[in-house]
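Below is one structure; the comments refer to it alone.
Residue numbers (the numbering used here): 6 to 201.
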C-alpha cells in the first residue's frame, strides 16, 4: 500500500497540471468505452451528418440491384424492387454493432416523422429472436427485414452500418459507411425538398 501512495505522490509532484488533466481525461474515456451503455452515448455524441450527393453526380442503381429478396418480421417476403420509384432509405445493420446501435434512435425519429412518405428498410442477417429482443428492449417500431438473397452492385456491402438514400429515379444520393445522425436538420431539410 505504501508503494502505491509513493507512486501517486511522485506522480502529482513531478507532473504538470496539463499532464495530469490529459491523463485523467484519457483514463475516463477508456473507462467509458469499456461500459456498454456509455460506449453508445460516446458514439452517438460524435455522429456526423450524412452528405447528400449532387444529383448530377449521383450513381444510378441498376434494375438488377433492386432485386433483393427480403423477409419482414412477420415472415412475409418482400422484394426491394417494390420501392423502385419511391424515395428509399436503406440501412444494413446488426444488433452487435455499437455504431449501428448508436444511430438507431435517429433512424427511429426519422421513421416516425416521415412514415409512409419514405420507404425505410433496415436489413440484417441476424436471428429473428435476437432482433425482436433488441427492438422490444428499445421500444423501436422500425421496419426490419432479413436478407434472403445476395445483394449485388452497390448494395453488396462490406461493413456495418452502411446506409443509402435512393431517389425515385434510382439515384444514390447518400452512400454512408459508419454511423450518422439521420435525424439532423440538414438531412430532414433534404428529405423535405425531395418528398412531395
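Every residue gets a Cβ at the ideal spot worked out from N, C-alpha and C, and that includes glycine.
Task: Continuous beta strand (DSSP E) stretch holding residue 174: start and end - done: Looking at the DSSP string, residue 174 is not in any beta strand (DSSP E), and its letter there is neither H nor E.
- [ ] Determine the extent of the alpha helix (DSSP H) in which residue 119 is found, giving its start and end residues.
- [x] 103-119 is the extent of the alpha helix (DSSP H) around residue 119.
Open item on the list: Could you compute how far the alpha carbon of residue 77 sits from the alpha carbon of residue 10?
Closed with: In a straight line, the C-alpha of residue 77 is about 60 Å away from that of residue 10.
Task: contact_flag[the segment 150-162, the segment 65-80] where n(CB pairs < 8 Å) is 3 or more - done: Because the criterion of three Cβ pairs below 8 Å is met, the segment 150-162 and the segment 65-80 touch.
- [ ] Let me know if residue 28 comes out buried or exposed under the rule of 16 or more other beta-carbons within 10 Å of its beta-carbon.
- [x] Result: exposed.
Task: Pick from 86, 123, 133 that is closest to residue 100, judged by C-alpha positions - done: Cα-wise, what sits closest to residue 100 is 133.
Open item on the list: For residue 95, report the span of its beta strand (DSSP E) as first-last.
Closed with: That run of the beta strand (DSSP E) goes 93-97.
- [ ] Grab me the residues of residue 165's own chain with a C-beta within less than 8 Å of its C-beta, minus the 5 sequence neighbours each way, in chain order.
- [x] Closer than 8 Å at Cβ, skipping near neighbours: 97, 98, 99, 102, 104, 105.
Task: Among 185, 199, 196, 153, nearest to residue 83 - alpha-carbon criterion - done: Per the Cα distances, 153.
- [ ] Locate the alpha helix (DSSP H) running through residue 137, then write down its first and last residues.
- [x] Where residue 137 is concerned, the enclosing alpha helix (DSSP H) stretches over 133-143.
Task: Exposed unless 16 or more other CB atoms sit within 10 angstroms - verdict on residue 126 - done: The residue in question, residue 126, is buried, as its Cβ has 16 or more Cβ neighbours within 10 Å.
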